[in-house]
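Chains as they are written, first to last, in the numbering used here: chain A, 6 to 148; chain B, 22 to 232. Beta carbons: idealized from backbone N, C-alpha and C, even for Gly. One structure below.
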Amino acid sequence: MKLVCTLLIFGLMIIGFAQLSSCHNNNLNIQTAQYAVNGQKLYKIHCQNCHGAKGEGLGKLYPPLTDKNFLSKNRNQLACIIKNGLKGEIVINGETFNQNMPALSTLNDVDIAYILTYVTTHFGDADSTFSQDEVAQSLKDCK
Amino acid sequence: MIKNILAVATVSLAFLACQPNSKKLPIIGDREVVEKVVDGKTVIDTIYPAIPNFEFLNQDSVLISDKNFENKIYVANFFFTHCPSICPTMQRNLLKAYEKFKGNSGVAFLSHSIDFKHDQPHVLKSYASKLGVDNDQWQFVTGSKADIYGISDKYLVFTKEDENVAGGYDHSGYLVLIDHEKHIRGVYDGTSEEETEKLLSDIDILLAEYK
């Protein structure tokens, strides 16, 4: 019985990952896909209200998370943005934004790794895991 | 064959013609039954709660009142500009309604800020234009704490200053639909996409009452 259950859950998980990755990026390996699944859940709770379900943002209040160039150029600052918030003028997809993003200081490194894996692979064009180590490293050199 | 098609067509026409009239939105709130004496006879009258008269300062620093909403149906809600939690979702959803009914002078929108300290008219103005609101069909207002919190009760929306919640204010994200008589005709969870869809179709149903 236990074995059947385990197999069933395992099977469902594979189908879940396959579905998630098939919507967007087909080349994600299983670990990246798993991080992204967890990240999507956390994204819904902590980011979606402002940045939208598809990372589309809201008017000129909240910037979209779909600026691939911004995400890859500032990859080492993304964890800092989540942990410490962001203020001041920035240009995203050619539009200027200048509002306050509050610090989400309660999120830990694993949560941030999950969220950033989801954001960078599904809204950006990255294809690898945003690891917990990368988060810890980035947080050491926040601007 | 042609007969069959005709039959189907007639039935569907009849169905289409009868359907829309059958729906009417309820009046929400505890009604009061009172006895009145009219021409010497006792009659029973039902009174529904209504939104009382109000006056608030809007995003252009102009005093607006319930008079601005005469002969209009409107959707009211409560928010604040730097709210980190439910407001962005609620305003994103209300924006859908604004965009759908933009240019229709029979429909208006009224967002009350519950942060009377920070949300001065110029803050509301900048917020409104960044959200994408570029006409006076959607008003953003501020007022004294007593006035704003007092009227939120009448709209059946809970609001409270609370330093323990994110942003400093606790409130619920309801969108409240008001008719010409200032009665509440629908209450929708502004953080839910399905309920927002329902609001959009209920606005059409309510508009039809005034055709």
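Per DSSP, B:Thr163 is paired with what? B:Leu78
Start-end ranges of the alpha helix (DSSP H) lying completely within the region 42-90 of chain A, minimum 4 residues: 53-56, 73-78, 83-89, all fully within the region 42-90 of chain A.
Residues in the region 41-74 of chain A with C-beta within 8 Å of chain B's C-beta atoms, listed in sequence order? Listed in sequence order: Gln53, Asn54, Cys55, Gly57, Leu63, Gly64, Lys65, Leu66, Tyr67.
Contact set for B:Gly127: own chain, Cβ-Cβ below 8 Å, skip 5 residues either direction: Closer than 8 Å at the Cβ level, and outside the excluded window around B:Gly127, lie Asn92, Lys93, Ile94, Leu228, Tyr231.
Hey, out of A:Asp72, A:Ile86, A:Phe128, whose CA is closest to A:Thr101's CA? A:Asp72
Using 8 Å for Cβ pairs, my map puts B:Asn79 next to B:Val162. What's the rounded Cβ distance? 5 Å
Please state whether DSSP places B:Ser106 in a helix, a strand or coil. The three-state reading of DSSP puts B:Ser106 in coil, since its state is none of H, G, I, E or B.
Option nearest A:Asn149 by Cα separation, candidates A:Cys52, A:Ile87, A:Asp132, A:Ser77: Lying outside 6 to 148, the shown extent of chain A, residue 149 of chain A is not represented and no answer is given.
Look at the alpha carbon of A:Tyr48 and the alpha carbon of B:Leu46, and state the distance between them as a whole number of angstroms. 36 Å
Could you give the distance in angstroms between the alpha-carbon of A:Leu109 and the alpha-carbon of A:Ala84? 10 Å
Note the first and the last residue of the continuous alpha helix (DSSP H) segment covering A:Val140. In the DSSP assignment, A:Val140 falls within the alpha helix (DSSP H) that extends over 137-145.
Option nearest A:Ser77 by Cα separation, candidates A:Gln45, A:Gln53, A:Leu121: A:Ser77 has its Cα closest to that of A:Leu121, out of A:Gln45, A:Gln53, A:Leu121.
Does any residue of chain A bring its CB to less than 8 Å from the CB of B:Pro109? yes
Which value, in whole angstroms, describes the spacing of the CA atoms of A:Gly90 and A:Lys148? 12 Å
Cβ of B:Ala167 within 8 Å of Cβ of B:Trp159? The Cβ atoms of B:Ala167 and B:Trp159 do not sit closer than 8 Å to each other.
Give the range of the alpha helix (DSSP H) segment to which B:Thr217 is assigned. 214-230
Under the three-state reduction of DSSP, which class applies to A:Phe102: helix, strand or coil? strand
Is the shortest distance between the beta-carbon of B:Leu152 and the beta-carbons of chain A less than 8 Å? yes
Would you check if the region 182-189 of chain B and the region 205-216 of chain B touch, i.e. whether three or more CB-CB distances between them fall below 8 Å? no
When you compare the CB positions of B:Leu221 and B:Val197, do they come within less than 8 Å of one another, or not? no
B:His192 in three-state terms, based on DSSP: strand
Three-state secondary structure (DSSP) at B:Asn42? For B:Asn42, the pLDDT reaches just 49, beneath the cut-off of 50, and the residue's location in the model is therefore unreliable, although a value from the coordinates is still provided. Residue state, collapsed to three classes: helix.
Residues of chain A with CB closer than 7 Å to the CB of B:Ser165, please, in chain order. Neighbours of B:Ser165 on chain A: none; closest Cβ ~26 Å, over 7 Å.
Please state the DSSP three-state secondary structure of A:Ser110. coil
Through-space distance from B:Ile135 to A:Val140, alpha-carbon basis: 37 Å
Considering only C-alpha positions, which residue in the set B:Thr102, B:Asp155, B:Pro105 is nearest to B:Lys123? B:Asp155
Considering only DSSP beta bridges, list what B:Glu182 is partnered with. B:Tyr190
Can you pull the chain A residues whose beta carbon is under 9 Å from the beta carbon of B:Ser106, in chain order? Asn54
How big is the Cα-Cα spacing for A:Lys65 and B:Ile72? 33 Å
Below-8 Å beta-carbon distance, A:Asn113 vs any chain B residue: no
Could you list the residues in the region 91-104 of chain A with a C-beta less than 7 Å from some C-beta on chain B, going in chain order? Closer than 7 Å at the C-beta level to chain B, one finds no residue of the region 91-104 of chain A.
B:Lys62: first and last residue of the uninterrupted beta strand (DSSP E) it sits in: 62-68
Quick check on this structure: which residue in A:Gly57, A:Gln39, A:Glu61, A:Asp130 has the alpha carbon closest to the alpha carbon of B:Ser106? A:Gly57
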